[in-house]
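J.: Right, I'll just put the structure down here and ask away after.
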Amino acid sequence: MSKEMVEAFATLEKEKGIKQEIIVDAIKAALVAAYKKNYNQAQNVEVVFDEKKGNFKVNAIKTVVDEVQDSRLEVSLKDALEINRAYEVGDEIRFEVTPKDFGRLAAQTAKQVIMQRLREAEREHIISEYSQYKDEIVTGTVERRDNRFVYVKIGNVEAVMPHNDQLPGENYNPQDKVRVLVTRVGSDSKGAQITVSRTALDLVKRLFEQEVPEVYDGTVEIVSIAREAGDRTKIAVKSNDPDIDPVGTLVGPKGARVQNIVNELGGENIDVVKYEENPSDFIANALNPAEVIAVQFSGDDDDKNALVIVPDYQLSLAIGKRGQNVRLAARLTGYKIDIKPESQVEFVDSEGDDVETDQDIDDSNESSNEETTESTAEQLEEDSSDDFPNGEDVDSALDDDADKDEE
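Quick note on numbering that gives the first Met the number 0: the sequence shown kicks off at 0 and runs consecutively.
Right, dumping it as structure tokens:
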């Protein structure tokens with residue numbers, strides 16, 4: 000060891016952010032382990048570092064005894080007194096036993112232990128530094144990709160983006176700049192690991208916070224988000240200032256603000272709807288762009304089922320392509336939504352409070368509309384995760400009206 004080693008410590012601290020004390024402790028542990036393994040030494044060994052000279056010394060610690068049983072651990076009182084007449088039985092004496100040549104095996108052992116400790120220290124440093132970015136947007140550079148991950152360089156570390164966190168249809172080429180949400184900062188057996196996402200709900204929220212000052216300062220609040228990443232997102236907003244229109248604020252002049260986010264998300268459609276305290280109004284807004292005649296509830300506060308009446312010609316629009324519109328509205332509002340066309344109800348008052356099902360509809364009509372009118376909400380619960388990255392599969396068993404594209 001030499002002063003060059005001390006300079007190397009300083010370089011590691013500067014480039015890796017690992018303090019010299021941590022590196023020195025790692026080397027001490029490595030030397031102790033290698034010495035015990037290769038020189039058949041007991042557990043009474045310590046390593047001392049001379050910061051001025053940059054040298055390490057290996058000391059064997061022996062206890063003064065009257066009669067020596069193990070020369071590796073003990074020294075006789077007679078021999079101790081020859082060193083210093085002040086020694087007594089029970090005292091500990093340190094003898095330098097630094098080998099002149101550790102040998103290739105000892106050096107390899109020391110290197111392995113040192114690298115392990117350095118990885119641990121670096122992992123702790125990365126976790127400490129990047130924990131502050133959790134749930135925040137960062138800009139990284141795509142390094143490479145494989146069947147499992149896209150690897151994104153963020154600062155001095157490499158983050159991973161799993162397949163289900165990648166936007167469908169989005170290409171990630173080396174050197175591409177990409178804005179991602181940090182979803183996890185942790186560690187595994189290979190070291191520190193940062194996980195990022197392009198499909199997380201909070202990515203949309205953070206993008207609006209960056210794009211819209213009123214959202215960042217809390218004047219306009221994002222209440223809930225429902226998203227099928229890469230395809231469509233619904234976002235409910237409310238204003239804490241009565242003079243500010245929350246929807247118009249997020250959309251921006253000529254749609255400029257929301258369009259910037261749509262472009263960032265690769266053309267993903269974004270519906271901004273106004274949040275209402277009244278569940279009926281909120282559900283009606285959530286089904287936008289469909290027109291809603293009335294919303295009916297069972298009257299039980301714990302029942303989160305809603306029956307929505309729409310004009311016959313709006314049924315396909317309300318349900319959406321493959322049920323997407325009603326599915327997103329259900330997630331946005333927290334209600335299971337069942338939709339019926341106006342032709343299947345006998346009477347709807349102006350307030351939409353009382354809805355009576357038409358008992359005169361013949362059995363054939365009732366059968367032909369069963370999927371649409373009886374189980375719209377049930378279809379939402381039965382969706383699996385094959386078609387969309389957020390775990391929702393589109394039930395293709397909707398009736399013909401539900402399969403039509405929105406116009």
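Cβ coordinates follow ideal geometry from the N, Cα and C atoms, glycine included.
(1) Based on Cα-Cα distance, which residue from 226, 177, 194 lies nearest to residue 332?
(2) I'd like to know whether the C-beta atoms of residue 228 and residue 198 end up nearer to each other than 8 Å.
(3) Mapping the DSSP letters down to three states, classify residue 383 as helix, strand or coil.
(4) Just the C-alpha distance for residue 56 and residue 149, rounded to the nearest angstrom, thanks.
(5) According to DSSP, residue 139 sits in a beta bridge with which residue or residues?
(6) Can you check DSSP and say which residues form a bridge with residue 220?
(7) Here's a check: name, in chain order, each residue in its chain whose Cβ is nearer than 7 Å to the Cβ of residue 243, leaving out the five neighbours to either side.
(8) Would you give the residue range spanned by the alpha helix (DSSP H) that residue 158 belongs to?
(9) Within the chosen definition, does the region 21-36 reach the region 114-125 through at least 3 CB pairs nearer than 8 Å?
(10) So, is residue 107 buried or exposed, given that buried needs 16 or more other C-beta atoms within 10 angstroms?
(11) Report buried or exposed for residue 166, applying the criterion of at least 16 other Cβ atoms within 10 angstroms of its Cβ.
(12) Can you check whether the CB of residue 121 is closer than 8 Å to the CB of residue 142?
(13) Relative to the alpha-carbon of residue 187, which residue among 27, 173, 159, 169 has its alpha-carbon at the smallest distance?
(14) In terms of residue numbering, what span does the beta strand (DSSP E) encompassing residue 313 cover?
(15) Buried or exposed: where does residue 13 fall if 16 or more other Cβ atoms within 10 Å of its Cβ makes it buried?
(16) Scan the region 228-313 and note each continuous alpha helix (DSSP H) run of 4 residues or more that stays entirely inside, going in chain order.
(17) Just the Cα atoms here: how many angstroms apart are residue 95 and residue 174?
(18) For residue 150, report the span of its beta strand (DSSP E) as first-last.
(19) So, do the region 324-341 and the region 286-304 have three or more beta carbon pairs nearer to each other than 8 Å?
(20) Would you decide whether residue 51 is buried or exposed? Buried here means 16 or more other CB atoms lie within 10 Å of its CB.
(21) Can you tell which of 320, 297, 291, 319 has its C-alpha closest to the C-alpha of residue 307?
(22) Quick check: the Cα distance between residue 407 and residue 267, rounded to an integer number of angstroms?
(23) Would you call residue 330 buried or exposed, if buried means 16 or more other Cβ atoms sit within 10 Å of its Cβ?
(24) Along the chain, where does the beta strand (DSSP E) that runs through residue 335 open and close?
(25) Would a C-beta distance cut-off of 8 Å place residue 45 and residue 58 closer than the cut-off?
(26) Does residue 129 pass the burial test, meaning 16 or more other C-beta atoms within 10 Å, or should it be called exposed?
(27) Give me the Cα-Cα distance between residue 147 and residue 296, rounded to the nearest whole angstrom.
(28) Where do the N-terminal and C-terminal ends of the alpha helix (DSSP H) with residue 17 fall, by residue?
T.: Taking the coordinates as given:
(1) Your numbering for residue 332 matches position 333 in the sequence shown. Closest by C-alpha distance to residue 332, out of 226, 177, 194, is 226.
(2) What you label residue 228 is simply residue 229 of the sequence shown in a count that begins at 1. What you label residue 198 is simply residue 199 of the sequence shown in a count that begins at 1. Going by C-beta atoms, residue 228 is nearer than 8 Å to residue 198.
(3) Here residue 383 corresponds to residue number 384 of the sequence shown, with the count starting at 1. Confidence in residue 383 is poor, its pLDDT being 38 and thus under 50, which makes the residue's placement unreliable; the coordinate value appears in the next sentence. The answer is coil: DSSP assigns residue 383 none of H, G, I, E or B.
(4) Reading the sequence shown from its first residue, position 57 is the one you call residue 56. Reading the sequence shown from its first residue, position 150 is the one you call residue 149. Approximately 46 Å, taken between the alpha carbons.
(5) Locating residue 139 in the sequence shown gives position 140, where the first residue counts as 1. Residue 139 is bridged to 177.
(6) As a working note, residue 220 is residue 221 in the sequence shown. In the DSSP assignment, residue 220 forms a beta bridge with 237.
(7) If you number the sequence shown from 1, residue 243 lands on position 244. Listed in chain order, the non-local C-beta contacts of residue 243 below 7 Å within the same chain comprise 213, 218, 219, local neighbours out to five positions each way being set aside.
(8) Here the question's residue 158 lines up with position 159 in the sequence shown. Not the alpha helix (DSSP H): residue 158 falls in the beta strand (DSSP E), residues 156-161.
(9) Yes: at least three Cβ pairs fall under 8 Å.
(10) Sequence index remark: in the sequence shown, residue 107 carries index 108 (1-based). Exposed is the call here.
(11) One-based indexing of the sequence shown puts residue 166 at position 167. With 16 or more Cβ atoms within 10 Å of its Cβ, residue 166 is classed as buried.
(12) Stepping through the sequence shown from its first residue, residue 142 is reached at position 143. Stepping through the sequence shown from its first residue, residue 121 is reached at position 122. At the C-beta level, residue 142 and residue 121 stay beyond 8 Å of one another.
(13) Here residue 187 corresponds to residue number 188 of the sequence shown, with the count starting at 1. Comparing C-alpha distances from residue 187 to each of 27, 173, 159, 169 shows the shortest one belongs to 159.
(14) Translated into the one-based positions of the sequence shown, residue 313 becomes position 314. According to the DSSP assignment, residue 313 belongs to no beta strand (DSSP E), since it is labelled neither H nor E.
(15) In the sequence shown, counting from the first residue as 1, residue 13 sits at position 14. Of the residues assessed, residue 13 falls on the exposed side of the cut-off, its CB having fewer than 16 other CB atoms within 10 angstroms.
(16) Those alpha helix (DSSP H) runs which fall completely within the region 228-313 and span 4+ residues are 245-250, 255-263, 278-285.
(17) For the purposes of this step, residue 95 is taken as the residue at position 96 of the sequence shown. For the purposes of this step, residue 174 is taken as the residue at position 175 of the sequence shown. One C-alpha to the other measures close to 54 Å.
(18) On the sequence shown, position 151 is the one that residue 150 refers to. According to the DSSP assignment, residue 150 belongs to the beta strand (DSSP E) that extends over 148-153.
(19) Counting Cβ pairs under 8 Å, three or more are found: they touch.
(20) Within the sequence shown, the letter at position 52 stands for residue 51. In this structure residue 51 is exposed. Its beta-carbon is surrounded by fewer than 16 other beta-carbon atoms within 10 angstroms.
(21) On the sequence shown, position 308 is the one that residue 307 refers to. The shortest C-alpha separation from residue 307 is found at 291.
(22) In the structure as shown, the chain starts at 0 and stops at 406, and residue 407 therefore has no counterpart that could be examined.
(23) Along the sequence shown, read from residue 1 onward, the residue named residue 330 stands at position 331. By the Cβ neighbour-count rule, residue 330 is buried, with 16 or more other Cβ atoms within 10 Å of its own.
(24) Mapped onto the sequence shown, residue 335 falls at position 336. Judged by DSSP secondary structure, residue 335 falls within the beta strand (DSSP E) whose first and last residues are 335-340.
(25) Here residue 45 refers to the residue found at position 46 when the sequence shown is read from its first residue. Here residue 58 refers to the residue found at position 59 when the sequence shown is read from its first residue. Less than 8 Å divides the Cβ of residue 45 from the Cβ of residue 58.
(26) Along the sequence shown, one-based indexing puts residue 129 at 130. It counts as buried.
(27) To locate residue 147, count along the sequence shown from 1; it is residue 148. To locate residue 296, count along the sequence shown from 1; it is residue 297. Rounded to whole angstroms, residue 147 to residue 296 spans 45 Å at the Cα level.
(28) For the purposes of this step, residue 17 is identified with residue 18 of the sequence shown, where counting begins at 1. No alpha helix (DSSP H) contains residue 17, which DSSP labels as neither H nor E.
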